[in-house]
Structures are given as structure tokens and as C-alpha cells.
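Asks:
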Amino acid sequence: MADHDHWQKFFLVETAEGAQTLSFSRTPTVLLTFAANLFTRQSAAALTKQFDIGAMDWRMLVMLTRHPGASVALSAETIGIDKAAVSRSLSRLLDKKLVTCIAQDRDPRRKQWKLTKKGRDLHDDILVVVLSRLRKQLDGFTEADILDLSRLLEKLHKNLQA
1251 MADHDHWQKF
1261 FLVETAEGAQ
1271 TLSFSRTPTV
1281 LLTFAANLFT
1291 RQSAAALTKQ
1301 FDIGAMDWRM
1311 LVMLTRHPGA
1321 SVALSAETIG
1331 IDKAAVSRSL
1341 SRLLDKKLVT
1351 CIAQDRDPRR
1361 KQWKLTKKGR
1371 DLHDDILVVV
1381 LSRLRKQLDG
1391 FTEADILDLS
1401 RLLEKLHKNL
1411 QA
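Shown next, in the form of C-alpha cells:
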């Protein structure tokens, strides 16, 4: 049996009707998708309830903390979200006076985005809550487990980019 066939069979299960489909428990990308969806829903609910901010807006606060002056294009590429979603988030953050922008040259598409003091303070407040949630989400993981998981996810991310 070819190695390709082995892997293909490993990822498959047979349904009660005799059809083949992906295993929910042996297909890492399925597990990752399920975990990411649940993580995003829970995070968005918690951030909205406590800080009146969504998950995408939180990602942008992190992005602009890490890369002050980032453009929409850089933010979209780094986070892996389309430019329109980044622009909508920045618009919401601008309305809340959490970010400011500086136009480069005369081209409005080349704006540099930065956090305001209010935005930095909100980032710092949310970070405390996010770190606490992360400790609970990774309960039972050793430091080695976390490093292994991060390494494997980084490898998967690189494969997806290729």
C-alpha cells in the first residue's frame, strides 16, 4: 500500500450508511477548525460582554501594539484576514478613539495606524483577561506541550502559506 493511501485511510471513517468521510478525531485540520471556531466564539462573547469589543478588533489592538504604524495591507497579511475586514475593524476602533491614522503622501490607501493612549490602555486591560483565559484553556498542558503545539501549528501555517 502506498504511503499516500495509508494517510488517506487514516483520515477516513465509514458512516452507518457505508459512506466514507473525514474522521473528527483523527484529522488535525478538522480538530483545529473545530477548536478555532469554539475559541473565536467564546473569545468574542467574553470580549464583547466585558469590553464591548469584538475578536477582530482585539486582533487589531494586538497587531498595532506589536507593529505601531502598520498599514491595512501589512495587518491583513500578518493576521491572515482580508483587507476589507481589517478596514472595518480600524473604522470601528477609530470611532471609539482607540486608534489614529496618518496618511502617507497623498494616497489615502497608505495610512499608518497607531493606538491612542485609550487604545493602549484597553489593550493592556484586555491582555490581563486574555492571559487568564489562556491559562484555563491550556489547563493540563506542560510547558513542553505548549511549545510542541506551537511548533506544530507554526509548521502547519507554513505549509498552508506554501
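Okay, so the sequence shown: first residue is 1251 according to this note's numbering, each after it adds one. A virtual CB, placed ideally from N, CA and C, is assigned to each residue, including glycine.
1) Taking contact to mean 3 or more Cβ pairs, one atom from each stretch, closer than 8 Å, check whether the segment 1363-1374 and the segment 1305-1318 are in contact.
2) My output table needs one value for aspartate 1374: the three-state DSSP class, helix, strand or coil.
3) Look at the alpha carbon of isoleucine 1396 and the alpha carbon of arginine 1356, and state the distance between them as a whole number of angstroms.
4) Please report how far the alpha carbon of glutamate 1327 lies from the alpha carbon of alanine 1266, in whole angstroms.
5) On a CA-only basis, which of Lys1361, Glu1264, Ala1305 is nearest alanine 1335? Give me that one, please.
6) So threonine 1271 packs on leucine 1282, CB below 8 Å; how close in whole Å?
7) In this structure, does DSSP put isoleucine 1352 in helix, strand or coil?
8) Does DSSP put arginine 1385 in a helix, in a strand, or in coil?
9) Taking just the CA atoms, how far does alanine 1269 sit from leucine 1381?
10) Using only the alpha-carbon positions, how far apart do leucine 1250 and leucine 1410 sit?
11) Quick check on threonine 1271: does DSSP put it in helix, strand or coil?
12) Any contact between the segment 1294-1312 and the segment 1343-1351? By contact I mean 3 or more CB pairs, one from each, below 8 Å.
13) So, helix, strand or coil for lysine 1408, using DSSP?
Replies: Reading it off the structure:
1) Cβ pair count under 8 Å is three or more, so yes.
2) Walking along the sequence shown from the start, residue 1374 turns up at place 124. Aspartate 1374: helix per DSSP, three-state reduction.
3) What you label residue 1396 is simply residue 146 of the sequence shown in a count that begins at 1. What you label residue 1356 is simply residue 106 of the sequence shown in a count that begins at 1. If you take the alpha carbons of isoleucine 1396 and arginine 1356, they lie about 46 Å apart.
4) Taking the sequence shown and counting its residues from 1, one reaches residue 1327 at position 77. Taking the sequence shown and counting its residues from 1, one reaches residue 1266 at position 16. For glutamate 1327 and alanine 1266, the distance between alpha carbons rounds to 43 Å.
5) Counted from its first residue, the sequence shown places residue 1335 at position 85. That would be Ala1305, whose Cα lies nearest to the Cα of alanine 1335.
6) For this step, residue 1271 is matched to residue 21 along the sequence shown. For this step, residue 1282 is matched to residue 32 along the sequence shown. Rounded to whole angstroms, the Cβ separation of threonine 1271 and leucine 1282 is 17 Å, and the two are not in contact under 8 Å.
7) The residue given as residue 1352 occupies position 102 in the sequence shown. Three-state result, isoleucine 1352: strand.
8) On the sequence shown, residue 1385 is found 135 positions in, with the first residue counted as 1. The answer is helix: DSSP assigns arginine 1385 an H, G or I state.
9) On the sequence shown, position 131 is the one that residue 1381 refers to. On the sequence shown, position 19 is the one that residue 1269 refers to. So the two alpha carbons sit approximately 43 Å from each other.
10) The structure shown does not extend to residue 1250, since the chain is modelled only from 1251 to 1412, so the question has no answer here.
11) Taking the sequence shown and counting its residues from 1, the one referred to as residue 1271 is at position 21. Strand, per DSSP.
12) yes
13) In the sequence shown, counting from the first residue as 1, residue 1408 sits at position 158. Correct three-state label for lysine 1408: helix.
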